[in-house]
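There are 2 protein chains.
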Amino acid sequence: MEQAVRIALDVMGGDHGPAVVVPGAARALTTRPDISFVMYGDEALIRPILDQHPALAARTTLVHAPVSIAMDTKPSQALRQGRRVSSMWMALEAIKKGEADATVSAGNTGALMAMSKFCLRTMAGIDRPALAAIWPTIRGESIVLDVGASIGADATHLVDLAIMGAAMATIVFELETPTVGLLNVGTEEIKGIEEVKTAGRLLRETALPNLAYHGFVEGDDIGRGTVDVVVTEGFTGNIALKTAEGTAKQIGAYLRSAMSATLMSKIGYFFARSAFAALKEKMDPRRVNGAVFLGLDAIVIKSHGGTDAVGLAGAIEVAHDMVRQELLEKIRRSVALAQESRSLDAVDSTVPTQLVASPEALS
Amino acid sequence: MEQAVRIALDVMGGDHGPAVVVPGAARALTTRPDISFVMYGDEALIRPILDQHPALAARTTLVHAPVSIAMDTKPSQALRQGRRVSSMWMALEAIKKGEADATVSAGNTGALMAMSKFCLRTMAGIDRPALAAIWPTIRGESIVLDVGASIGADATHLVDLAIMGAAMATIVFELETPTVGLLNVGTEEIKGIEEVKTAGRLLRETALPNLAYHGFVEGDDIGRGTVDVVVTEGFTGNIALKTAEGTAKQIGAYLRSAMSATLMSKIGYFFARSAFAALKEKMDPRRVNGAVFLGLDAIVIKSHGGTDAVGLAGAIEVAHDMVRQELLEKIRRSVALAQESRSLDAVDSTVPTQLVASPEALS
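Protein chains in written order, with the numbering used here: chain A, 1 to 363; chain B, 1001 to 1363.
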């Protein structure tokens, strides 16, 4: 039989902790029976819930973690309190120790990001990790990265983001060759940042497997779903993500107030309530559950803090599929290719221009 | 009698040209009777429309412009074709020649930005112009700048943006002391860009008139209306603006498909149609008509290209109020204060630390 995919779970993470994480794991096991779990958290709280799921319990090792990181703990504080002893840290360390293939946590993003950077190494050839979000679009879903793991990016890092996002898209969206766009501003007058332009040239000139470079995209192309993967540096990506969230909330507020404004609109709402329910579901954050930390020598999935068992199972399934389909290996291969292509570039640029321009001079 | 506010109009700008711009001017004159207009454009097209508005015609000088800049002309092309001879250029040049106090154009943004930079000087003490947008929020409206006039900003430029945005807010929102926030990312782990942090310190330490510095804000604070003025550099600002537009369109598409999905939802839509109309109006770009170029030694308003006479009149009214309420003078005063404060800072930093730390050493 195929070896199990070993998933480390931070059971104390998220708004509901074990009450959601354990049933979520049980649910994931029904669609991905080849998972085995290592669960970290408060044993006294977890054991009774786990006992209600005998099939899950049979495939789970439960490890007691004395500390739980609260959802509002600041990253620096989380590191001080939780290093070595928290469920979040221990779940990450399991990868480092070779006891798990991937980690899933619904805990707070900042703390998970800080602990991941602290506990795990970045992948060979990648300078800094990135946070990739799955973004709902008119066309379906896209991956947007970096949405806030680090600030600033040179052209090489942008190319790394493109490679990592495309590799993730092949697995999450089951695409052979995902399209990739670089986020830029449209005005011809401005013509974008130098790093973005250089990254565009590198992506166009390097033949990377499983990546179709589309060119520049603008902010409104994200929601339009113009490309499968949108690449940008972490500051802009984080602001774009939060601006979109803010706009969605704002329109939701307009809509609610419009629907309760008059008797007629209330009647209308009554008749259309299933349509509104469908709309709400479409905008449901559970549907796009799980941001992914990329660039680490590990698979780390951040599940939405407020999610339920269905959402958490989705995050576990994504983690499973990334292990099974060798996300890290795919990224490694592309990164090596890109580096090779860049060093060939460097060789070219050391050859005297004269020789390159007129080879007949050699004869 | 008070001197008239002289407004130069690019009558050929916008999707509908004279058919909207002339009636828009007529409408603005009813609420701001102290305006006089200089109109630039194709005389043969404009004259018959102007003749239908005798009150307007009496306060208008019509100047023939042989070239009109199309809405899809690239900025560089617009400069080549339209320098000196286009209605857009001539309307901007009118300020330079002292023949107008402000310019309003519904023409294409990139071309207007390029021509403004080319034709007009930046204000003393301001390095680069900025594009300020009026952004609808849950609370009302906010000003967001720079949404794409230039890329990158050091701390000084961010402070300039704060000053210009606040001065605009005192006039457009009729506020004594608008609140100003610097757009940043929230994660404690990241703590934002150095320039943004320095700008925050400068704004906190400098007592600027008509500006209450709120601190950092995040992307979702824009739609929430947390502050009256949101300050960010042009690359991020442009991407935030377009991402919000994209999200609004996306939700609009979801909503339309939800409302036409079933017979019940169609009935619901019928009853709630006035609520939907109100919602649509709320999201109507005409309501937030007019971005403003700040930092030029001139008042230049960009009206929405697809607007009607009501929207265009709004843009003209904003231009009028900015002249009457001395926007440029307000900005100049604040910029001078900020510069003074910075040079005092510089004096401080040249005093040997020892002396500052222990004044008793002097005795």
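Beta carbons: idealized from backbone N, C-alpha and C, even for Gly.
Quick caveat: nothing in here was measured; it's all calculated off a predicted structure.
* **Residue-level contact to chain A via CB, Arg1084(B), 9 Å cutoff** => no
* Does Arg1286(B) get closer than 9 Å to chain A when you measure Cβ to Cβ? -> Unreliable placement is indicated for Arg1286(B), whose pLDDT of 47 sits below 50; the coordinate value is still reported in the next sentence. Not an interface residue.
* Distance CB(Gln1250(B))-CB(Pro178(A)) smaller than 9 Å -> no
* In terms of DSSP beta bridges, what is Thr122(A) paired with? -> Leu296(A)
* Asked: Can you name the residues of chain B whose CB is closer than 7 Å to the CB of Tyr269(A)?
  -> Gly1268 and Ala1272
* To do: Within 10 angstroms of the Cβ of Phe1118(B), are there 16 or more other Cβ atoms? Answer buried if so, exposed if not.
  => exposed
* Neighbourhood of Val1159(B) by C-beta, 8 Å cutoff - its chain only, sequence neighbours within 5 removed -> Ala1199, Leu1202, Leu1203, Thr1206 and Ala1338
* Is Asp1228(B) closer than 9 Å to Thr1103(B) when the C-beta atoms are compared? -> no
* Are at least three pairs of beta-carbons, each pair with one atom in the segment 35-43 of chain A and one in the segment 54-62 of chain A, less than 8 Å apart? -> yes
* Does the beta carbon of Gly165(A) come closer than 9 Å to any beta carbon on chain B? -> no
* To do: Can you give me the Cβ contacts of Met1088(B) inside the same chain, cut-off strictly under 7 Å, excluding the 5 residues immediately before and after it?
  => Asp1010, Gly1013, Ile1069, Gly1082, Ser1105, Gly1107, Ala1111, Leu1112 and Met1115
* To do: Mind reading off the beta-carbon distance from Ala1379(B) to Ile1007(B)? Whole number of angstroms is fine, and I expect it under 8 Å.
  => Since the first and last residues shown for chain B are 1001 and 1363, residue 1379(B) lies out of range.
* Whole angstroms is fine: what's the gap from Gln52(A)'s alpha carbon to Ala313(A)'s? => 17 Å
* Asked: Can you tell me whether DSSP reads Thr1103(B) as helix, strand or coil?
  -> strand
* Cβ-based contacts, 8 Å cut-off: residues of the segment 1231-1242 of chain B near chain A -> Thr1232, Gly1234, Phe1235, Thr1236, Asn1238, Ile1239, Ala1240, Leu1241 and Lys1242
* Which residue's Cα is closest to the Cα of Ile138(A): Thr1307(B), Met1168(B), Ala1248(B) and Leu1161(B)? -> Ala1248(B)
* Proximity test, Cβ basis, 9 Å: Gln1052(B) and chain A -> no
* To do: Determine the DSSP secondary structure at Asp1221(B), reduced to helix, strand or coil.
  => helix
* To do: Let me know the secondary structure DSSP gives Arg1059(B) once reduced to three states.
  => coil
* What do you get for Gly1237(B), buried or exposed, if any count of 16 or more other CB atoms within 10 angstroms of its CB means buried? -> buried
* Asked: Looking at Ala244(A) and Ala1258(B), is the spacing between their C-beta atoms short of 9 Å?
  -> no
* Asked: Just the Cα atoms here: how many angstroms apart are Gly1017(B) and Ala1028(B)?
  -> 16 Å
* Asked: What do you get for Glu1220(B), buried or exposed, if any count of 16 or more other CB atoms within 10 angstroms of its CB means buried?
  -> For the sequence presented, residue 1220(B) should be read as Asp rather than Glu. Buried: at least 16 other Cβ atoms inside 10 Å.
* To do: Give a yes or no on whether the minimum CB-CB distance between Arg224(A) and chain B is below 9 Å.
  => yes
* Listed by chain order, chain A residues near Ser1265(B) by CB distance under 8 Å -> Phe271, Ala272, Ser274 and Ala275
* To do: Answer with yes or no whether the minimum CB distance from Ile1302(B) to chain A is below 9 Å.
  => This sequence places Lys at residue 1302(B); Ile is not what is there. False, the Cβ-Cβ gap to chain A never drops below 9 Å.
* **When Leu1211(B), Leu1208(B) and Ile1193(B) are compared against Ile239(A), the one with the closest alpha-carbon** => Ile1193(B)
* Asked: Should Val1255(B) be flagged as near chain A, meaning a C-beta pair shorter than 9 Å?
  -> Note on identity: in this sequence residue 1255(B) is Leu, with Val being the wrong assignment. For Leu1255(B), the answer is yes, since a Cβ of chain A falls inside 9 Å of its Cβ.
* Asked: Quick one: Cα of Ile171(A) to Cα of Ile163(A), how far?
  -> 13 Å
* Asked: Taking the alpha-carbon positions, what's the Ser1334(B) to Leu263(A) distance?
  -> 50 Å
* Asked: So Glu317(A) and Thr31(A) are in contact, right, with Cβ under 8 Å, and what is the actual spacing, rounded?
  -> 6 Å
* What does Glu245(A) reach in chain B if we use C-beta pairs closer than 8 Å? -> Gly1219 and Asp1220
* If you draw a straight line from the alpha carbon of Ala357(A) to that of Pro75(A), how long is it in whole angstroms? -> With a pLDDT of only 35 at Ala357(A), under 50, the local geometry of the prediction cannot be trusted, and no value is derived from it.
* **Alpha carbon of Gly306(A) to alpha carbon of Gly148(A), nearest angstrom** => 20 Å
* To do: Using a Cβ cut-off of 7 Å, pull out every chain B residue sitting near Met88(A), in sequence order please.
  => Neighbours of Met88(A) on chain B: none; closest Cβ ~14 Å, over 7 Å.
* Output the boundary residues of the beta strand (DSSP E) element that contains Phe1173(B). => Looking at the DSSP string, Phe1173(B) is not in any beta strand (DSSP E), and its letter there is neither H nor E.
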